[in-house]
Amino acid sequence: MTLVANELPPVSKGSPILYRNLEVGSVLDYKLKGENVVITTNIDNRYKHLITDSSVFWNRSGVEFNASLSGVSVKASPLKTLVQGGIAFDSLEGVENKQGNHYKLYESFDNARKFGHTITLTASNADSLSVGTGIEYNGVKIGELTRLTPDFDSESVVLEARIYPDFAQIVAKEGSYFWINEPEIGLSGVRNIKNILSSSISVSPGDGKPHHLFALNTKPKTGKYTTFTLQSETRGSIAAGTPVLYRDIEVGVATNVRLGEFADRVITTINIDNEYAYLIRQNTVFWNTSGVDVSIGLTGANIKAGTIDSIVRGGITFATPEQSELMPIAKPTQSFYLYAKAEPSWLTWRTPIPKP
Numbered sequence: 000m001t002l003v004a005n006e007l008p009p010v011s012k013g014s015p016i017l018y019r020n021l022e023v024g025s026v027l028d029y030k031l032k033g034e035n036v037v038i039t040t041n042i043d044n045r046y047k048h049l050i051t052d053s054s055v056f057w058n059r060s061g062v063e064f065n066a067s068l069s070g071v072s073v074k075a076s077p078l079k080t081l082v083q084g085g086i087a088f089d090s091l092e093g094v095e096n097k098q099g100n101h102y103k104l105y106e107s108f109d110n111a112r113k114f115g116h117t118i119t120l121t122a123s124n125a126d127s128l129s130v131g132t133g134i135e136y137n138g139v140k141i142g143e144l145t146r147l148t149p150d151f152d153s154e155s156v157v158l159e160a161r162i163y164p165d166f167a168q169i170v171a172k173e174g175s176y177f178w179i180n181e182p183e184i185g186l187s188g189v190r191n192i193k194n195i196l197s198s199s200i201s202v203s204p205g206d207g208k209p210h211h212l213f214a215l216n217t218k219p220k221t222g223k224y225t226t227f228t229l230q231s232e233t234r235g236s237i238a239a240g241t242p243v244l245y246r247d248i249e250v251g252v253a254t255n256v257r258l259g260e261f262a263d264r265v266i267t268t269i270n271i272d273n274e275y276a277y278l279i280r281q282n283t284v285f286w287n288t289s290g291v292d293v294s295i296g297l298t299g300a301n302i303k304a305g306t307i308d309s310i311v312r313g314g315i316t317f318a319t320p321e322q323s324e325l326m327p328i329a330k331p332t333q334s335f336y337l338y339a340k341a342e343p344s345w346l347t348w349r350t351p352i353p354k355p
């Protein structure tokens, strides 16, 4: 059986292969193959059943030191491995143990135990990311980035990461969604404050087959939603991430702001949570509630503002006119005009809209 390593560990021909400190085989030979070292080993037939699909190998040569605040731990190898070096193995679930047809040889037991499973993420850029950036699930670190490489052909960045063994079988699956955590600052509070200095990556596990290639997104995964478009003369303070409000309750978000096909208007795409999509009727009116509106006249100054949060983040508000008959629910992708500000009468509308 053969093992593959980045460099030759301190072993020689005849060095023991250990299973829980029991010698079950030996090193036969080693040679360079490409950028790696391939080590040929021999396992005694009576112990060959110990080699399984979850077997993981590591260097077991010399003396292992582990220093921490709680003290220093010293673990000595069997006498034979102190002289000749040695390789140990055991069954460790969730650890990536193969490179092609060969078993990987890790530098140490701790390195093997913590390595887990390698995945690849692709992103448009890696401005706030670096080697060591953590991958988290609900605030718990379950992995980290190990390498960042530019892909000049696709003008993107390829990020190699490892998911720790305990979580590899849950996270490295089709349907898993990865995104960059960024701080959200507003007068109503700060979210992800720890990401002000350095970013982290969050994941929502999928439920498909084992998988290793994923896209790295810039926004969290949204739930089920209905998409509409708004047209306006200018962008104003609207941007991707601007909340859509109904009676000061956030029911959706702007996802894209762009020029129209003939550059004569601004097109804003909004996503409304399906729970609230029935509130959008065919005659619903939208207006911009971002910032503070100040008007000065002979009688003094008149100041109008939206919610405190909309002053910082911006906001889009909507309402439905009061009339004898309620108009049908708007169809997905229907387009509406986005007014720069509300007419006074719009703020008094209290149209009852029954939930379907």
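With numbering that gives the first Met the number 0, the residue at position 245 of the sequence shown is 244, and numbering never jumps.
Where is the CB? At the ideal position from N, CA and C, for every residue including glycine.
To test your reading of the DSSP string, which unbroken beta strand (DSSP E) runs of 3 or more residues are found completely within the region 188-272? The qualifying runs are 188-190, 199-203, 212-216, 224-231, 242-245, 248-258 and 265-272.
How is R280 classed by DSSP in three states: helix, strand or coil? The sequence position of residue 280 within the sequence shown is 281, counting from 1. Residue state, collapsed to three classes: strand.
Could you tell me the distance, in whole angstroms, from the CA atom of G205 to the CA atom of H211? Here residue 205 is taken as the residue at index 206 of the sequence shown, counted from 1. Here residue 211 is taken as the residue at index 212 of the sequence shown, counted from 1. A straight-line Cα-Cα distance of about 12 Å links G205 and H211.
So N124 and V156 are supposed to be a Cβ contact under 8 Å. How far apart are they, rounded? Position 125 of the sequence shown holds residue 124. Position 157 of the sequence shown holds residue 156. Between V156 and N124 the Cβ distance is about 6 Å, and since that is below 8 Å, they are a contact.
Taking the alpha helix (DSSP H) that I86 falls in, what are its first and last residues? Position 87 of the sequence shown, counting from 1, holds the residue named residue 86. Not the alpha helix (DSSP H): I86 falls in the beta strand (DSSP E), residues I86 to S90.
Tell me which residues share the same chain as K113 and place their Cβ nearer than 8 Å to its Cβ, disregarding the 5 neighbours each side in the sequence. Residue mapping note: residue 113 aligns to position 114 of the sequence shown, counting from 1. Only Y163 and P164 meet the Cβ criterion.
On the DSSP bridge assignment, give the partners of V55 in chain order. Translated into positions along the sequence shown, residue 55 becomes position 56. Under DSSP, the beta-bridge partners assigned to V55 are D89.
Indicate the three-state DSSP secondary structure (helix, strand or coil) for W345 in the structure shown. On the sequence shown, residue 345 is found 346 positions in, with the first residue counted as 1. Here W345 sits in helix by DSSP.
Taking V392 as the reference, give the member of L258, K30, G13 and P149 with the closest Cα. Here the chain comprises residues numbered 0 to 355, so residue 392 is not present and cannot be evaluated.
For the alpha helix (DSSP H) that contains I169, what are its first and last residues? Locating residue 169 in the sequence shown gives position 170, where the first residue counts as 1. In the DSSP annotation of this structure, the continuous segment of the alpha helix (DSSP H) that includes I169 starts and ends at P164 to V170.
For the alpha helix (DSSP H) that N100 lies in, which residues bound it at each end? Mapped onto the sequence shown, residue 100 falls at position 101. Taken as a continuous stretch (DSSP letters only), N100 belongs to no alpha helix (DSSP H), as it is neither H nor E.
Could you have a look at S309 and say whether DSSP puts it in helix, strand or coil? The count along the sequence shown starts at 1 and reaches residue 309 at position 310. Low per-residue confidence applies at S309: pLDDT is 49, beneath 50, and the placement is therefore not dependable enough to give any value.
Does the Cβ of H48 have 16 or more other Cβ atoms within 10 Å, making it buried, or fewer, making it exposed? The sequence position of residue 48 within the sequence shown is 49, counting from 1. So H48 counts as exposed.
Nearest-angstrom Cα distance between T119 and W345? Position 120 of the sequence shown holds residue 119. Position 346 of the sequence shown holds residue 345. Looking at the two C-alpha atoms, the distance is approximately 51 Å.
In the DSSP assignment, find the alpha helix (DSSP H) that holds A329 and state where it starts and stops. Counting from 1 along the sequence shown, the entry for residue 329 is found at position 330. Run containing A329: none; DSSP gives neither H nor E here.
I'd like to confirm the pairing. Which residues does DSSP put opposite L147 in its beta bridges? The count along the sequence shown starts at 1 and reaches residue 147 at position 148. For L147, the beta-bridge partners assigned by DSSP are L158.
Put T337 into one of helix, strand or coil per three-state DSSP. Position 338 of the sequence shown, counted from the start, is the residue given in the question as residue 337. The sequence given here places Leu at residue 337; Thr does not occur at that position. DSSP places L337 within a strand segment (E or B) once states are collapsed to three.
Quick test of the definition: if touching needs 3 or more C-beta pairs under 8 Å, does the region 312-328 touch the region 230-249? With a cut-off of 8 Å, the region 230-249 and the region 312-328 count as touching, because enough Cβ pairs lie within range.
Below 8 Å between beta carbons: does that hold for F285 and L325? Taking the sequence shown and counting its residues from 1, one reaches residue 285 at position 286. Taking the sequence shown and counting its residues from 1, one reaches residue 325 at position 326. No, the Cβ-Cβ distance between F285 and L325 is not below 8 Å.
Classify D28 as helix, strand or coil using the three-state DSSP reduction. In the sequence shown, residue 28 corresponds to position 29, counting from 1. Under the three-state reduction of DSSP output, D28 falls in the strand class.
Tell me which same chain residues have a C-beta within less than 7 Å of the C-beta of P149, skipping the five on either side of it? Here residue 149 is taken as the residue at index 150 of the sequence shown, counted from 1. So the list reads V156, once near-sequence residues are dropped.
Secondary structure at Y46, three-state DSSP: helix, strand or coil? By 1-based counting over the sequence shown, the position of residue 46 is 47. If DSSP states are grouped into helix, strand and coil, Y46 belongs with the helices.
Leaving aside the five residues before and after S231 along the sequence, list all residues of the same chain whose C-beta is less than 6 Å from its C-beta, in chain order. Residue mapping note: residue 231 aligns to position 232 of the sequence shown, counting from 1. Here the set comprises V265 and L337.
Please report the distance separating the alpha-carbon of S107 from that of F213. Working through the sequence shown from its first residue, we reach residue 107 at position 108. Working through the sequence shown from its first residue, we reach residue 213 at position 214. Between S107 and F213, the C-alpha separation is close to 29 Å.
Could you give the C-beta distance for T332 and T226, rounded to a whole number, given that I count them as a contact under 8 Å? Residue numbering aside, residue 332 sits at position 333 when the sequence shown is read from its first letter. Residue numbering aside, residue 226 sits at position 227 when the sequence shown is read from its first letter. Contact annotation, T332 with T226: C-beta distance approximately 6 Å; criterion of less than 8 Å satisfied.
Please classify N35 as buried or exposed, where buried requires at least 16 neighbouring CB atoms within 10 angstroms. Along the sequence shown, read from residue 1 onward, the residue named residue 35 stands at position 36. Answer is buried; the Cβ neighbour count reaches 16.
Tell me where the alpha helix (DSSP H) around A356 begins and ends. Nothing can be reported for residue 356: it is not among the residues displayed for the chain, which extend from 0 to 355.
Short check: CB of L17 to CB of G85, under 8 Å? Reading the sequence shown from its first residue, position 18 is the one you call residue 17. Reading the sequence shown from its first residue, position 86 is the one you call residue 85. Yes, the Cβ-Cβ distance between L17 and G85 is below 8 Å.
Answer yes or no: do T132 and S198 have a C-beta to C-beta separation smaller than 8 Å? As a first step, residue 132 is located in the sequence shown; it is residue number 133 there, counting from the start. As a first step, residue 198 is located in the sequence shown; it is residue number 199 there, counting from the start. Yes; because the gap between Cβ atoms is below 8 Å, this pair is in contact.
Whole angstroms are fine: how far does the CA of K140 sit from the CA of I42? On the sequence shown, position 43 is the one that residue 42 refers to. On the sequence shown, position 141 is the one that residue 140 refers to. Put simply, the backbone Cα of I42 is about 37 Å away from that of K140.
Tell me whether K113 sits in a helix, a strand or coil according to DSSP, three-state version. Here residue 113 refers to the residue found at position 114 of the sequence shown. Note: K113 maps to helix in three-state DSSP.
For P15, the three-state DSSP class (helix, strand or coil): Residue numbering aside, residue 15 sits at position 16 when the sequence shown is read from its first letter. In the structure shown, P15 falls within a strand segment according to DSSP collapsed to helix, strand and coil.
Output the distance between the C-alpha atoms of A111 and L215, rounded to the nearest integer angstrom. Reading the sequence shown from its first residue, position 112 is the one you call residue 111. Reading the sequence shown from its first residue, position 216 is the one you call residue 215. About 26 Å.
Identify every residue that forms a DSSP beta bridge with Y275. Counting from one through the sequence shown, the residue named residue 275 turns up at place 276. The partner list for Y275 (beta bridge, DSSP) is empty, contrary to what the question assumes.
Buried or exposed (CB count within 10 angstroms, at least 16 for buried), L278: In the sequence shown, the residue the question calls residue 278 occupies position 279. So L278 ends up on the buried side.
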